[in-house]
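**Student:**
Residue numbers (my numbering): 54 to 601.
(1) What do you get for residue 252, buried or exposed, if any count of 16 or more other CB atoms within 10 angstroms of its CB means buried?
(2) In whole angstroms, what is the alpha-carbon distance linking residue 414 and residue 433?
(3) Whole angstroms is fine: what's the gap from residue 82's alpha carbon to residue 405's?
(4) On the DSSP letters alone, give me the boundaries of the beta strand (DSSP E) that residue 344 sits inside.
(5) Are the stretch 277-297 and the stretch 314-323 touching, with three or more C-beta to C-beta distances below 8 angstroms?
(6) My output table needs one value for residue 456: the three-state DSSP class, helix, strand or coil.
(7) In this structure, what does DSSP give as the bridge partners for residue 358?
(8) Using 8 angstroms as the cut-off, can you tell me whether the stretch 269-277 makes contact with the stretch 198-213, which would need three or more C-beta pairs spanning the two stretches below that distance?
(9) Name the DSSP bridge partner or partners of residue 75?
(10) Could you check how far apart the C-beta atoms of residue 595 and residue 231 are, in whole angstroms? I think they sit under 8 angstroms.
(11) Of all the alpha helix (DSSP H) runs that stay within the bounds of the stretch 528-597, which reach a length of 4 or more residues?
(12) Just checking, does the stretch 508-517 make contact with the stretch 456-464 on the three C-beta pairs under 8 angstroms criterion?
(13) Does DSSP put residue 279 in a helix, a strand or coil?
(14) Could you check whether residue 503 and residue 450 sit closer than 8 angstroms to each other, using their CB atoms as the reference points?
(15) Taking only three categories from DSSP, how would you classify residue 144?
(16) Between the C-alpha atoms of residue 575 and residue 158, what's the straight-line distance to the nearest angstrom?
(17) Quick one: what's got a C-beta closer than 7 angstroms to residue 533's C-beta in the same chain, skipping five residues either side?
(18) For residue 70, which of helix, strand or coil comes out of DSSP?
(19) Can you tell me whether DSSP reads residue 497 as helix, strand or coil?
(20) Using beta-carbon positions only, say whether residue 302 and residue 444 come within less than 8 angstroms of one another.
(21) What would DSSP say about residue 599, mapped onto helix, strand or coil?
(22) Would you report the Cα separation of residue 608 and residue 241, rounded to the nearest angstrom?
(23) Taking contact to mean at least 3 C-beta pairs separated by less than 8 angstroms, is the stretch 86-106 in contact with the stretch 579-587?
(24) Quick one: measure Cβ to Cβ for residue 313 and residue 480, integer angstroms, because I've assumed they're closer than 8 angstroms.
(25) Taking 8 angstroms as the limit between beta carbons, can you name the residues of its chain near residue 130, skipping five residues before and five after?
(26) In this structure, how does DSSP classify residue 324 when only helix, strand and coil are distinguished?
(27) My parser needs the beta strand (DSSP E) runs of 3 or more residues fully inside the stretch 388-455; what are they?
(28) Between residue 339 and residue 112, is the Cβ-Cβ spacing less than 8 angstroms?
(29) Specify the secondary structure class of residue 30 as computed by DSSP and reduced to three states.
(30) Please report the distance separating the alpha-carbon of residue 173 from that of residue 507.
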């Protein structure tokens, strides 16, 4: 009898809690880097209360980390789920992500581990791409060795054309950006930088194809630039943002440039931003699926969670979910939507997606492998850089070997993690409609090029590599779709299909993440998150913050 009473009381409490309503200033859907950046800025800089709801049990979206324990040795491995390489965090000018981290007072919370080169594996064998001034294009450098007689001159011409595009952009801080009628107001203190950028606005808003055609004819240099673009966007240079490519060429080839890895893994970034939000008195809620966006009187006023909780917002809703999730989030509110918003949703569902990923995560016994002589990162062109299409399916493979920099990623000596992945070149459809046994067999078969790439990167025979393996995990487009809620496992929208800004035709609803310009990449989504946060507040509030 007593047990029954307790059960009834607990059930009533659960029902009451599940149907509760929470009120806050801003609701954020999704705890990717874009949503976390927006939340950290709103709570720490502008003093607003934020409630961030993330469906996964780990924060960071594609950029989260996760632990796995090896069954044989008991070694604890920390793996990165997605991106493994960042530039411009430990050096000046800082990339947008580091600007956000600094703005919210967390710069001392992340220890960046810089490095100046990555290993290349292609038809020419093994060589290193080294960052810095006059290295790639210097005497005896890769461009002179592999390019044609005009390659050096063409590269110099291309870099000269890119330089003024970046000169102003690198001087305009991320926190000066916003969308809407008053987007120029916070930029007024940076008028001189605006003057530098203004003549190139149309170029920056377009793809890199025009600049390539104007300055580059050398076949090897063309292949290299396409490979570089593909590593950024999952697309060739002609379909990649001109702004992203121009800044990348500037950043990789300037004096003092560096690549960076956060000590503790990529998930450290998400953890730090989440701590900023929570320490400001706001809420970060993981394992909380947003079921729908609540619309009243034609405006977004909150969200409903799967458990029945309603979170009401006073100032707006920021959606960090990808653009293809919007129609589902608003399906119960269509009668409240304007014709412009209905058209926006229709367009959203048809925006072109890039392809997905295959991942290979390995926990290895590295005894005798001389880690000190290895690179922290490799690019393996399985079919070749120039002798094949550098953007072809399953050709370019990123091999991350971060234990070279960070021995905290495992808790045992001579144990390392390896993360190999083909970014944006894995089709979704072949993985659907498979039985469980067929799916497992396909994973093992199709991951062979990843094993081959790791073997080439580490210069270890593949059979020996497999013998050294304690942990093996293969991720597919279905993994991306299930755990990261990426539509068809996509890397993100193509550059042409990103939304121009964070605003939508639905008042109170803003976007943050790789569905908005500037698109794919950790620094890029930090830009989108910052813009969304700044747009939520008044332009005067933002301007005064900039002038303090």
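Idealized CB from N, CA, C, for every residue including glycine.
The model shown is predicted, which means the values in this text are computed figures rather than measured ones.
**Tutor:** Judging by the given coordinates:
(1) exposed
(2) 16 angstroms
(3) 22 angstroms
(4) 343-349
(5) no
(6) helix
(7) 343
(8) yes
(9) 364
(10) 6 angstroms
(11) 530-537 and 575-589
(12) no
(13) helix
(14) yes
(15) coil
(16) 19 angstroms
(17) 409, 410, 539 and 542
(18) Bear in mind that a pLDDT of 47 at residue 70, under 50, signals an unreliable position, so the model cannot answer this.
(19) helix
(20) no
(21) helix
(22) The chain is shown from 54 up to 601; residue 608 falls before or after that span and cannot be answered.
(23) yes
(24) Wrong, their Cβ atoms sit about 32 angstroms apart, outside the cutoff.
(25) 120, 121, 122, 123, 416, 462, 463, 468, 470 and 524
(26) helix
(27) 409-418, 430-434 and 449-453
(28) yes
(29) Here the chain comprises residues numbered 54 to 601, so residue 30 is not present and cannot be evaluated.
(30) 12 angstroms
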